[in-house]
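Notes for the one structure printed next.
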Ligand code: AMP
Ligand code: ZN
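Residue numbers (the numbering used here): 2 to 470.
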């Protein structure tokens with residue numbers, strides 16, 4: 002496998018430390034809201050990476066954290082705590098919010114055929130590990146206490162900017178929103194390991210520590226959770242490009258300071274999904290979630306197909322037109338495959354040779370678009386249908402596009418929703434939004450308008466359904 006390594010800024014041969022075993026760590030979601038489809042692009046490409054490594058014969062252990070404490074609205078140490086923000090928004094406790102959105106995240110992952118990692122660890126379950134590591138950093142002279150908080154001293158690290166290749170000053174500009182300079186810091190790039198005093202709203206969840214009652218910073222959780230489950234060495238660490246600085250830069254600084262040696266050899270970063278206005282957001286514009294796509298009649302796996310058509314190291318612009326196009330191509334492909342006859346013996350030599358071709362594509366810095374081309378190559382090949390089905394099933398272990406249905410479901414036609422059904426579903430979403438905004442006049446108008454067109458809306462605890470006269 003060849004992969005682009007952010008640390009070396011080159012495409013390198015991927016060589017794990019321990020022969021066949023791969024220790025893989027993925028920064029997990031901050032569970033204060035639903036994941037948007039941009040977040041899920043990152044998890045999807047990491048899923049392809051994990052499956053590609055397994056397909057290539059590696060024994061992968063994948064660990065993911067759940068951020069349920071310490072992530073402020075800016076990725077630095079300023080702004081409101083995201084979990085608290087979610088709890089206030091929904092008038093629930095932080096733990097209730099965390100539980101609900103963690104479940105919602107994994108439900109979305111399931112719909113997108115993203116495999117659940119081998120280990121999932123919420124940050125709130127690892128407080129003793131965070132305290133032990135912070136104590137170690139203080140002992141070794143890499144951390145200091147100022148005004149009640151414990152800070153990491155970035156001036157003690159020779160190559161703090163190794164991952165970004167930029168200077169700290171360059172990185173400060175434009176990365177942090179709402180920057181209020183923290184006067185307790187010795188250096189601009191120092192970051193909080195443990196808060197006992199926040200300038201912002203008080204935390205709901207706090208723990209006792211040698212430095213007073215408080216809570217951990219965001220960055221320390223990933224270092225500690227990785228060490229807890231993968232030990233002192235990590236082969237590959239993944240995230241979205243926005244994680245490179247400050248999050249991953251700080252993870253490297255504190256992990257290597259604590260361990261006294263290099264920690265992780267490969268850094269894999271997925272570029273962003275943007276909407277047509279630029280950045281994808283949970284608060285501005287349309288909040289693009291998997292459920293929203295479903296309510297508009299899209300199959301979530303068609304969104305996976307859309308993402309896999311592009312390279313993970315290029316930003317991708319989302320539009321409904323582009324998704325429509327990808328959906329149409331995907332459905333056509335499924336119809337073609339559904340037409341293959343399940344008769345005769347598969348030629349396993351062909352399947353084996355195809356495996357090599359597929360690995361060459363996917364092993365070339367995860368060229369998923371070429372991986373998709375391989376589907377068409379299989380369909381065009383001069384082999385019987387049974388062989389085609391076997392080869393498709395084989396590569397779908399990585400692509401996870403539901404290419405080959407089980408025998409029982411094979412006959413089920415691929416249904417496409419009518420324009421009318423899509424319109425009704427879009428109006429149901431608009432009505433729910435209107436209700437949330439207390440615009441009951443608009444909500445009633447939608448219900449009455451649909452009624453005159455023969456559509457009756459039925460509100461249930463699970464959401465709104467409808468009948469057509
Ligand atoms: P968060 O839940 O905010 O911690 O983000 C979860 C993951 O989504 C992180 O790995 C981010 O780097 C990634 N991410 C955030 N925004 C985007 C985006 N627009 N496109 C792709 N990945 C993103
Ligand atoms: Zn992380």
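In this text, a Cβ means the ideal position worked out from N, Cα and C, and glycines have one as well. Predicted, not measured: the structure shown is a model, and the values here were computed from it.
The C-beta separation of residue 70 from residue 118 comes to about 20 Å, leaving the pair out of contact by the 8 Å criterion.
Taking the Cβ atoms as the reference, residue 27 lies roughly 5 Å from residue 47, within the contact range of under 8 Å. With fewer than 16 other CB atoms across the displayed protein chains lying within 10 angstroms of its CB, residue 11 is exposed.
Fully enclosed beta strand (DSSP E) runs of no fewer than 3 residues occupy 120-123, 144-147 and 150-153 of the region 72-160, in order along the chain. Around residue 257, the same chain offers 158, 263 and 264 as residues with beta carbons nearer than 8 Å, after the five sequence neighbours per side are excluded. CA-CA distance, residue 8 to residue 434, rounds to 43 Å.
At a cut-off of 7 Å, the beta-carbon of residue 281 counts as near the ligand AMP: some heavy atom of the ligand is closer than that. According to DSSP, residue pairing for residue 14 in a beta bridge involves 3. The nearest non-hydrogen atom of the ligand ZN is less than 7 Å from the C-beta of residue 240. With respect to residue 285, residue 37 sits apart: the two C-beta atoms are not nearer than 8 Å.
Linking residue 347 to residue 111 through their CA atoms gives a straight-line distance of about 30 Å. Pairing residue 383 with residue 231 gives a Cβ-Cβ distance that is not under 8 Å. Between the alpha carbons of residue 240 and residue 468 lies a distance of about 43 Å. Beyond the five residues adjoining it in sequence on each side, residue 260 comes within less than 6 Å, by CB distance, of 233 in the same chain, given in chain order. If you measure from each CB to the nearest heavy atom of the ligand ZN, the residues under 5 Å come out as 28 and 223. In the structure shown, residue 217 falls within a strand segment according to DSSP collapsed to helix, strand and coil. By the neighbour-count definition (other C-beta atoms within 10 Å, threshold 16), residue 109 is a buried residue.
Between residue 50 and residue 113, the CB-CB gap reaches or exceeds 8 Å. The region 322-337 and the region 127-145 do not touch, with fewer than 3 CB-CB distances between them shorter than 8 Å. Proximity of the beta carbon of residue 274 to the ligand AMP is indicated: a heavy atom of the ligand is located closer than 7 Å. Taking C-alpha positions only, residue 466 is separated from residue 458 by approximately 6 Å. In the structure shown, residue 197 falls within a coil segment according to DSSP collapsed to helix, strand and coil. Residue pairing by DSSP leaves residue 349 without any beta bridge partner. For residue 379, the enclosing alpha helix (DSSP H) has its first and last residue at 369-381. At a threshold of 7 Å, residue 40 counts as near the ligand AMP, since its beta carbon sits closer than that to one of the ligand's heavy atoms. Rounded to the nearest whole angstrom, the CA to CA distance from residue 317 to residue 45 is 14 Å.
Taking one beta carbon from each stretch, the region 385-402 and the region 353-373 have 3 or more pairs nearer than 8 Å; the two touch. Taken through DSSP and simplified to helix, strand or coil, residue 281 comes out as coil. At least one heavy atom of the ligand AMP lies less than 7 Å from the C-beta of residue 31. Secondary structure of residue 37 (DSSP, three-state): coil.
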